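Engineer: Below is a structure I'd like to ask you about.
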Amino acid sequence: MRRLSRHVGEVKIPKVGWVRFRWSRAVPDAVKSFRVTRDRAGRWHVAFAAIPESIPAPGAGQMVGVDRGVVVSAALSTGEMLSAAGLRQAEKARLLRLLRKLARARRGSCRRAMVKAAIAKLKAREVDRRKDWAEKVSTDLARRFDVIAVEDLKIGTMTRSAKGATERPGSNVGAKAGLNRGILAAGWGRLVQRLEHKAPGRVVKVSPAYTSQRCSACGIVDAKSRESQADFACRSCGYACNADVNAARNIEHAAGHAVSAREGPRVAGPVHREPRPVLLSA
Numbered sequence: 395m396r397r398l399s400r401h402v403g404e405v406k407i408p409k410v411g412w413v414r415f416r417w418s419r420a421v422p423d424a425v426k427s428f429r430v431t432r433d434r435a436g437r438w439h440v441a442f443a444a445i446p447e448s449i450p451a452p453g454a455g456q457m458v459g460v461d462r463g464v465v466v467s468a469a470l471s472t473g474e475m476l477s478a479a480g481l482r483q484a485e486k487a488r489l490l491r492l493l494r495k496l497a498r499a500r501r502g503s504c505r506r507a508m509v510k511a512a513i514a515k516l517k518a519r520e521v522d523r524r525k526d527w528a529e530k531v532s533t534d535l536a537r538r539f540d541v542i543a544v545e546d547l548k549i550g551t552m553t554r555s556a557k558g559a560t561e562r563p564g565s566n567v568g569a570k571a572g573l574n575r576g577i578l579a580a581g582w583g584r585l586v587q588r589l590e591h592k593a594p595g596r597v598v599k600v601s602p603a604y605t606s607q608r609c610s611a612c613g614i615v616d617a618k619s620r621e622s623q624a625d626f627a628c629r630s631c632g633y634a635c636n637a638d639v640n641a642a643r644n645i646e647h648a649a650g651h652a653v654s655a656r657e658g659p660r661v662a663g664p665v666h667r668e669p670r671p672v673l674l675s676a
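Numbering-wise, the sequence shown is residues 395 to 676 according to our numbering.
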């Protein structure tokens with residue numbers, strides 16, 4: 395690998411030779427391996443294996459709870475509401491038109507291939523925006539808070555299909571498929587994964603049981619206190635706030651008990667993990 399200018403570099407690929415790429419990210423000098431890939435939108439990337447440095451804790455003793463949802467991707471116990479970036483309304487409408495056009499296109503035709511390429515380009519744009527959102531939010535949280543509390547969710551189990559088998563077909567398959575798409579579009583897994591990479595030892599996972607039904611002010615658990623998807627009003631003490639923010643504060647409280655039980659947050663020591671690819675555009 396060698397650098398030609400500020401934004402252009404070259405990498406030597408066996409049996410191909412020197413190939414230029416756009417130098418979009420900082421690459422450590424000690425990298426020894428790389429991987430060249432092509433995504434579904436037809437874009438080529440070269441990824442160099444490197445272990446990024448973790449973000450040091452601010453040392454102010456601040457803790458935050460993060461509640462992940464479908465309507466609001468991440469609600470913080472501070473009251474902040476964060477939504478993962480996706481396609482705009484005009485892009486969603488265009489995607490719907492393309493999907494309808496794909497259904498009418500004859501298999502194996504050039505028109506069908508062109509429509510599939512256009513759909514892949516829109517999907518890749520959506521994925522790029524979601525990744526960028528997760529990177530920015532995880533960096534911001536790692537810089538602002540010493541301890542970050544999240545629910546210990548089994549996302550793979552939650553997004554499992556409800557189709558069932560031929561002998562025992564599932565029920566509400568369409569609704570479950572829509573929920574699965576919403577969970578995946580919110581970037582739940584990637585956000586926590588990047589938090590664990592950037593703030594090792596400072597991410598606390600708590601049980602998700604009753605976090606949305608418990609009042610963060612008095613601690614009473616009442617399923618009827620959650621009046622709607624967005625509103626929470628405790629029938630015992632009268633405390634009212636956004637339902638996602640209330641859940642985030644419950645997550646923070648649960649993490650506070652866990653941290654107190656082990657006499658303070660763990661100090662981030664040496665972390666042994668696999669090198670993470672530094673992705674650059676070819």
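Beta carbons: idealized from backbone N, C-alpha and C, even for Gly. None of these values were measured; they are calculated from a predicted model.
Kindly indicate the opening and closing residues of the beta strand (DSSP E) around threonine 551.
Structural biologist: Threonine 551 -> not in any beta strand (DSSP E); alpha helix (DSSP H) instead, spanning 549 to 552.
Engineer: Hey, how far is the Cα of glycine 572 from the Cα of serine 477?
Structural biologist: In a straight line, the C-alpha of glycine 572 is about 18 angstroms away from that of serine 477.
Engineer: Specify, as a first and last residue, the run of the beta strand (DSSP E) that arginine 429 falls within.
Structural biologist: 428 to 432 is the span of the beta strand (DSSP E), which, as asked, contains arginine 429.
Engineer: Thinking C-alpha only, which one of Ser532, Arg491 and Arg538 is nearest leucine 516?
Structural biologist: Looking at the Cα atoms, Arg491 is the closest of the given residues.
Engineer: Pick out whichever of Asn640, Val598 and Val600 has its Cα sitting closest to the Cα of aspartate 616.
Structural biologist: If we check each option's Cα against that of aspartate 616, Asn640 comes out closest.
Engineer: Measure the C-alpha to C-alpha separation of cysteine 631 and alanine 611 and round it to an integer number of angstroms.
Structural biologist: Distance between the alpha carbons of cysteine 631 and alanine 611: 8 angstroms.
Engineer: Relative to the C-alpha of arginine 396, which residue among Pro408, Val410, Lys409 and Asp423 is closest?
Structural biologist: Of the candidates Pro408, Val410, Lys409 and Asp423, the one whose C-alpha sits nearest the C-alpha of arginine 396 is Asp423.
Engineer: How long is the line joining the alpha carbons of aspartate 522 and glutamine 456, rounded to whole angstroms?
Structural biologist: Those two C-alpha atoms are separated by around 31 angstroms.
Engineer: With distances taken Cα to Cα, identify the nearest neighbour of arginine 434 among Ser427, Pro408 and Met508.
Structural biologist: For the residues Ser427, Pro408 and Met508, the minimum Cα distance to arginine 434 belongs to Met508.
Engineer: Of the choices Val425, Lys426, Val405 and Lys409, whose alpha-carbon is the least far from that of arginine 416?
Structural biologist: Checked all of Val425, Lys426, Val405 and Lys409; the closest Cα to arginine 416 is Val405.
Engineer: Counting Cβ pairs, one atom from each stretch, are 3 or more of them under 8 angstroms apart for the segment 437 to 452 and the segment 523 to 531?
Structural biologist: No, they do not touch.
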